[in-house]
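Start counting the sequence shown at 529; every next residue gets the next number (this note's numbering). What follows is a single structure, written as structure tokens, with notes after it.
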Amino acid sequence: MDIAVEKPSKVGIGAVTIHNSGHAGMMAYHAMRAMPHDMIGYAITGGGAIMVPTLVRFRESEQFRTLGRSLRPRCHHSFWTFRHRP
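In structure tokens, the structure reads:
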């Protein structure tokens, strides 16, 4: 978010993305870090859905659980800052 806060002073908008990371924690914390700089912070995340599909039998669900443990979900996080210029 620090990089996203620096960019608007030069170009008007700051956008930073992160990929292949784990849990993002409390995203509101990252968005609020722009407030002391008189900016609007926008932090979003999206990750892969690893869960057992609906209505599968027990043996099939065991296969999905094993697959879920072996694969690390890929998450993508984005941090945006906007500065209003009158």
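Idealized CB from N, CA, C, for every residue including glycine. Every value quoted in this text rests on a predicted model; they were computed, and no experiment measured them.
Below 7 Å CB to CB, which residues in the same chain sit around residue i once its five sequence neighbours on both sides are set aside?
{"i": "residue 559", "result": "569, 570, 571"}
{"i": "residue 565", "result": "533"}
{"i": "residue 600", "result": "Confidence is the limiting factor: at residue 600 the pLDDT is only 46, short of 50, which leaves the residue's position unreliable, though a coordinate-based value still follows. Within the same chain, residue 600 has no close Cβ partners at all."}
Leaving out the 5 sequence neighbours to the left and right, which residues in its chain are closer than 6 Å to residue i when beta-carbon positions are compared?
{"i": "residue 542", "result": "532, 535, 536, 609"}
{"i": "residue 540", "result": "none"}
Once you ignore the five residues that flank residue i on each side, which residues in its own chain have a CB closer than 8 Å to its CB?
{"i": "residue 538", "result": "none"}
{"i": "residue 563", "result": "569"}
**Item:** Complete runs of the alpha helix (DSSP H) confined to the stretch 545-573 [at least 4 residues]
**Value:** 555-560
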